[in-house]
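Residue numbers (full-length UniProt numbering): 1 to 655.
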């Protein structure tokens, strides 16, 4: 709950709204906590049911919170103001005395008592937020098990402060505001906005903050403290409601000094009964018991509003669980039964995989993209094709054709001068192909990683009723995938080796592309040999190039140009073979895996050694059937409880 910014951290539990000593004996009317005395008979069944469904989270300032709970928290020390304090009240009819424990820091549990709760919370706060004055959004949960209190969660949040004190970070306001908004933003939360009667309501920081998330005020309840400090005009403030507090106001007097809760309630009643100004406020708007009653009524209304949706969710879950139970297999009594069920499961697995990996049928998984196998593999193949360079790779920092010139110089021999050495072409081809060798290997690895994950998920789904067989099935799939990866790796090596063994293609585009490029040969040679011509020219297939450096190699420039033209034209054939060849290999391998390989591997793993694998299916295991039956019983009980609650609320006219 947001607290007014005028209150310092050390005042969080010391809102002393009354004065004078407490009465000696308040009588039986106030011996129980305020919440336990508020319509307990009508609300109790509702709260007990919602203990599981916990749709309500109320917020409360420390001193108001302790008054509601009847638990004595330390006062005047600011122990809870630096981290959220979640107080979870739980009814425990067998408890002779309150049982308290703190939960924080990822599961740490510390038992404590009323006498030591201050020390325990101080220690937890220091551990979470440090020993200074900084804050943290990590909560401390105080679980209070006590006879006579309903299940209710109250959250005390750090107080709003705009000006950091010594030891606090400069952005303390932003940190506090962020924590508060995280708790008050959910629409099922009730904002218990504790404000002092001494402040101007329209300019109150906590009211402005709650209005940011609850503009209509429909889930904000204002609790006014320090009423005896500023009684003048309070009646008008809480009745005119200039700030739109939808759930209304409750004026309270908190405990002072060492007062007991019974004494504090007597003094509170006396204050609002006899004070000349405060006594004029309607009795339905004053006192901690009234506040407890209002919280109970609000909680009941919110839960009642949620009940139809809860009933729908219970019915849906009940239908699913019942259908799943009906589909459970009969108990296995022999190895023959186990073998029959094993082959049935394998058939289901292979059928599902054939749908998603071969046929592109996703009716079993319409909204789960990771199960749309053909689409995902097609995406991988498309990405693979884009990663392969469409143009023959060249060195960007090397002048035009100089790589070819160097190779020609090193491969020249005793032969006719106008012949292009085939060895030069093969040397260059090898260098270019080796640059892209990792790309097809990466695709194969990616495809099999995806397929393995998909096979595992579908296998586990269909073998869910027999967890005993999942471990050997997992081994079989892993072994199969290792073989598939090895075959694909070998195929990729062969693809690359085939490209290096010879320069061959029957693709007519090769000669067409080469001829188009060679149309610029004369223009190129003229620019190289005629020093009066410009050295920057535009050539088909190469774009704009500078040939000035080639004038020193005029005898080799023509061969270098022809060599580059042949490589450029031939590169398209290489890329096409790498893409088509690997794509067809992947598709065939996946098809064989689904139609033959997987069934064989699973059979070898589970049917070997005298059917040792399937015999495990006869062994007792954590029963899915038992879990489903328990779930159905619990759901039916919950459905009955909720139905009774709705009938009771309807009969009482509270809906």
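Note that beta-carbon positions come from the ideal geometry of N, C-alpha and C, so glycine has one too.
Item: Quick one, are the C-beta atoms of residue 356 and residue 454 less than 9 Å apart?; Value: yes
Item: Beta strand (DSSP E) containing residue 146: first to last residue?; Value: 140–146
Item: Would a C-beta distance cut-off of 9 Å place residue 451 and residue 484 closer than the cut-off?; Value: yes
Item: Quick check on residue 284: buried or exposed, where buried means 16 or more other Cβ atoms within 10 Å of its Cβ?; Value: exposed
Item: Touch check for the region 108–126 and the region 158–175: three-plus C-beta pairs under 8 Å?; Value: no
Item: Do you know how far the Cα of residue 137 is from the Cα of residue 130?; Value: 12 Å
Item: How many whole angstroms separate the CB atoms of residue 98 and residue 133, which I take to be in contact at a CB cut-off of 8 Å?; Value: In fact, because the Cβ distance is near 30 Å, the residues do not count as touching under 8 Å.
Item: Count the C-beta pairs between the region 563–579 and the region 384–392 that are closer than 8 Å, then say yes if the count reaches three, no if not.; Value: yes
Item: Provide the residue span of the alpha helix (DSSP H) that contains residue 274, from first to last.; Value: 261–274
Item: Could you tell me whether the Cβ atoms of residue 126 and residue 104 are closer together than 9 Å?; Value: no
Item: When the Cα atoms are used, what is the spatial distance from residue 381 to residue 608?; Value: 37 Å
Item: For residue 137, which three-state DSSP category applies?; Value: coil
Item: Please state whether DSSP places residue 281 in a helix, a strand or coil.; Value: coil
Item: Go to residue 531, then tell me how far its beta strand (DSSP E) extends in each direction, as first and last residue.; Value: Here residue 531 belongs to no beta strand (DSSP E), and DSSP marks it neither H nor E.
Item: Suppose you measure from the CA of residue 272 to the CA of residue 241; what does that come to, to the nearest Å?; Value: 20 Å
Item: Measure the alpha-carbon distance for residue 612 versus residue 606 and round it to whole angstroms.; Value: 7 Å
Item: Closer than 6 Å by C-beta to residue 198: which residues in its own chain qualify, once you throw out the five before and the five after it? Chain order, please.; Value: 226, 229 and 230
Item: Quick one: what's got a C-beta closer than 8 Å to residue 412's C-beta in the same chain, skipping five residues either side?; Value: 421
Item: Who are residue 193's beta bridge partners in DSSP?; Value: 222
Item: Using the Cα positions of residue 641 and residue 345, report the straight-line distance between them to the nearest angstrom.; Value: 39 Å
Item: At 4 residues or longer, and completely inside the region 292–365: list those alpha helix (DSSP H) runs for me, N to C.; Value: 335–354
Item: In whole angstroms, what is the alpha-carbon distance linking residue 494 and residue 500?; Value: 10 Å
Item: Is it buried or exposed, residue 50, if we count other Cβ atoms within 10 angstroms and call 16 or more buried?; Value: Summary for residue 50: the model assigns pLDDT 44, below 50, so the residue's position carries little reliability, and this model does not support an answer.
Item: In the DSSP assignment, the beta strand (DSSP E) including residue 491 goes from what residue to what residue?; Value: Residue 491 -> not in any beta strand (DSSP E); alpha helix (DSSP H) instead, spanning 470–501.
Item: Short check: CB of residue 213 to CB of residue 250, under 9 Å?; Value: no
Item: I believe residue 540 touches residue 512 by the beta-carbon criterion, under 8 Å. Please report the beta-carbon distance rounded to the nearest angstrom.; Value: Incorrect: roughly 12 Å between the Cβ atoms, too far for contact.
Item: Starting from residue 442, follow the alpha helix (DSSP H) in both directions and report where the run begins and ends.; Value: 438–462
Item: Give me the DSSP bridge partner(s) of residue 99.; Value: 145
Item: For the 8 Å Cβ check, are there 3 or more pairs between the region 367–381 and the region 582–594?; Value: yes
Item: For residue 249, list the residues DSSP reports as bridge partners.; Value: 222
Item: In whole angstroms, what is the alpha-carbon distance linking residue 232 and residue 276?; Value: 10 Å
Item: Is residue 483 a contact residue of the ligand HEM, with contact defined as CB to any heavy atom under 8 Å?; Value: Questions concerning the ligand HEM fall outside what the structure shown contains, since it holds no ligand whatsoever.
Item: CB-CB under 7 Å to residue 210, same chain, minus the five flanking residues each way: which ones, in chain order?; Value: 2, 184, 191, 193 and 220
Item: If you follow the alpha helix (DSSP H) that residue 552 is part of, which residue opens it and which one closes it?; Value: From DSSP, residue 552 is part of no alpha helix (DSSP H); its letter is neither H nor E.
Item: With H, G and I counted as helix, E and B as strand and the rest as coil, what does DSSP make of residue 537?; Value: strand
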